[in-house]
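Chemist:
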Amino acid sequence: MLISLVIPVYNEGFRVADNLKLIVDAASHAGHDLELLAIDDGSEDNSCREIEKLAEQDSRVQLISLTRNFGKEAAIYAGLELAKGDAVVVLDADLQHPPRLIPAMIRAWEEGAYIVEAVKQERNDPSWLDRWFAKGFYWLYRILSGFDIRGHSDFKLLDRQIVDVYLALPERYRFFRGLVNWLGIESETLPFEVEERLGSTSRWSKVKLIRYATNNITTFSTIPLLIVTWLGSLTLGTGIVLALITLWQKLAGMSEAGFTTVNLLLIVLGGAVMTSLGIIGHYIGRIYQEIKARPVYVLKPTKRKKPCSSPDL
Numbered sequence: 218m219l220i221s222l223v224i225p226v227y228n229e230g231f232r233v234a235d236n237l238k239l240i241v242d243a244a245s246h247a248g249h250d251l252e253l254l255a256i257d258d259g260s261e262d263n264s265c266r267e268i269e270k271l272a273e274q275d276s277r278v279q280l281i282s283l284t285r286n287f288g289k290e291a292a293i294y295a296g297l298e299l300a301k302g303d304a305v306v307v308l309d310a311d312l313q314h315p316p317r318l319i320p321a322m323i324r325a326w327e328e329g330a331y332i333v334e335a336v337k338q339e340r341n342d343p344s345w346l347d348r349w350f351a352k353g354f355y356w357l358y359r360i361l362s363g364f365d366i367r368g369h370s371d372f373k374l375l376d377r378q379i380v381d382v383y384l385a386l387p388e389r390y391r392f393f394r395g396l397v398n399w400l401g402i403e404s405e406t407l408p409f410e411v412e413e414r415l416g417s418t419s420r421w422s423k424v425k426l427i428r429y430a431t432n433n434i435t436t437f438s439t440i441p442l443l444i445v446t447w448l449g450s451l452t453l454g455t456g457i458v459l460a461l462i463t464l465w466q467k468l469a470g471m472s473e474a475g476f477t478t479v480n481l482l483l484i485v486l487g488g489a490v491m492t493s494l495g496i497i498g499h500y501i502g503r504i505y506q507e508i509k510a511r512p513v514y515v516l517k518p519t520k521r522k523k524p525c526s527s528p529d530l
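Here the numbering used here is used: the first residue of the sequence shown is 218, the next is one more, and so on.
Shown next as structure tokens:
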């Protein structure tokens, strides 16, 4: 049996080769043939060259280099598409997903599990804002999509049949942990605590996290569009009530001079309209991206030069 290890890499720096060695060593304890696919997602540091050197020393390691930074989801998709294993394990390169769990995941697969998920027991985010943001995202995602992925991560083992089903899904934008959950296939879970990131810091800024959360929520739910309808109905109802009150005051001779009420109504209505247009525009933008049907990722050409020195397409 062949086990594929899919590891997205972006600016992991000088530690990436040592981290990949640790991952291979941990996975080799399961007693299966291995291939490790390190997907360099347009790193701007020396990650690509470090992986290239390691691949020259260890035939089990393969460097897959993308032409630019397509994002982690695209890197995972590229790895799954190129993996040849009977089972595929996806995990991060920074060792926050503990490699020591890989043999246990493989054993669960050998016992019949199609999906084995490593589930976080507790977040170790140093910032209260990060913890609050994560809890808020998972709560909102569960409310709007109906799927509970609290504690879920990208650290998963998928049987080859599940990989093929995942790759057959037609959408261009992908949310790996959400889509695997959406498949509805029963999974085995293994608890783990997120390890401390060594030698690097998170590449996820608050803006990127908000954009990522927004995209993932709208990928799995159309309830925001229903909220626009509800908001419009509420605004219309409020406007009718205020219009009747104003008309009654006018007829009763109790209307007061001034534009306070009018100004407040304009502000409220303007805000509601702009919010609604923003939500609708986001969905239209997503439809536009899907219709273009561009590839999820592009590989660097390797015919004339090694990937790390290849020119971008």
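Note that CB positions come from ideal geometry on N, CA and C, so glycine has one too.
Residue 485: buried (16+ other C-beta within 10 angstroms of its C-beta) or exposed?
Modeler: It is exposed - the Cβ of residue 485 has fewer than 16 other Cβ atoms within 10 Å.
Chemist: Apart from the five residues just before and just after residue 373, which ones in its own chain have a Cβ nearer than 6 Å to its Cβ?
Modeler: So the list reads 307 and 334, once near-sequence residues are dropped.
Chemist: Identify every run of the alpha helix (DSSP H) within the stretch 370-446, keeping only runs that are complete inside it and at least 4 residues long; order them along the chain.
Modeler: Those alpha helix (DSSP H) runs which fall completely within the stretch 370-446 and span 4+ residues are 377-385, 393-399 and 423-437.
Chemist: Using 10 angstroms around the beta-carbon of residue 502, count the other beta-carbons present and answer buried if the total reaches 16, otherwise exposed.
Modeler: Classification for residue 502: exposed.
Chemist: If you pair each beta-carbon of the stretch 375-391 with each one of the stretch 319-331, do three or more pairs fall below 8 Å?
Modeler: Yes, the stretch 375-391 touches the stretch 319-331.
Chemist: What does residue 223 pair with, by DSSP beta-bridge criteria?
Modeler: Answer is 254 and 307, bridged to residue 223.
Chemist: Can you grab the Cα-Cα spacing for the pair residue 383 / residue 509, in whole Å?
Modeler: If you take the alpha carbons of residue 383 and residue 509, they lie about 21 Å apart.
Chemist: Quick one: Cα of residue 504 to Cα of residue 389, how far?
Modeler: Their Cα atoms are separated by approximately 10 Å.
Chemist: Considering Cα atoms alone, identify which of 459, 494, 466 and 465 is closest to residue 479.
Modeler: The residue with the shortest Cα to Cα distance from residue 479 is 459.
Chemist: Among 398, 381 and 349, whose alpha-carbon lies nearest the alpha-carbon of residue 369?
Modeler: Per the Cα distances, 398.
Chemist: Ignoring anything shorter than 3 residues, give me the beta strand (DSSP E) runs that lie fully in the stretch 268-348, in order along the chain.
Modeler: Within the stretch 268-348, the complete beta strand (DSSP E) runs of at least 3 residues are 278-282, 304-307 and 332-337.
Chemist: Verify whether the separation of the beta carbon atoms of residue 255 and residue 272 is less than 9 Å.
Modeler: Closer than 9 Å, so yes.
Chemist: Three or more C-beta pairs under 8 Å: does that hold for the stretch 350-363 against the stretch 270-288?
Modeler: With a cut-off of 8 Å, the stretch 270-288 and the stretch 350-363 do not count as touching, because too few Cβ pairs lie within range.
Chemist: Could you tell me the alpha carbon to alpha carbon distance between residue 248 and residue 239, rounded to whole angstroms?
Modeler: Straight-line Cα distance between these residues: approximately 16 Å.
Chemist: Since residue 221 and residue 289 should fall inside the 8 Å C-beta cutoff, what is the C-beta to C-beta distance between them, to a whole number of angstroms?
Modeler: Residue 221 to residue 289, Cβ: 17 Å. No contact.
Chemist: For residue 296, which residues in the same chain have their Cβ closer than 6 Å to its Cβ, ignoring the five residues on either side in sequence?
Modeler: Closer than 6 Å at Cβ, skipping near neighbours: 223, 254 and 256.
Chemist: Between the C-alpha atoms of residue 366 and residue 348, what's the straight-line distance to the nearest angstrom?
Modeler: Rounded to whole angstroms, residue 366 to residue 348 spans 15 Å at the Cα level.
Chemist: The alpha helix (DSSP H) that contains residue 513, what's its start and end?
Modeler: Per DSSP, residue 513 belongs to no alpha helix (DSSP H) and is neither H nor E.
Chemist: What is the DSSP secondary structure of residue 260, counted as helix, strand or coil?
Modeler: DSSP places residue 260 in coil when its eight states are reduced to three.
Chemist: Which value, in whole angstroms, describes the spacing of the CA atoms of residue 235 and residue 268?
Modeler: Computed Cα separation, rounded: 10 Å.
Chemist: Which residues bound the alpha helix (DSSP H) around residue 243?
Modeler: Run containing residue 243: 233-245, per the alpha helix (DSSP H) assignment.
Chemist: Tell whether a beta-carbon distance below 9 Å holds between residue 303 and residue 225.
Modeler: No, the Cβ-Cβ distance between residue 303 and residue 225 is not below 9 Å.
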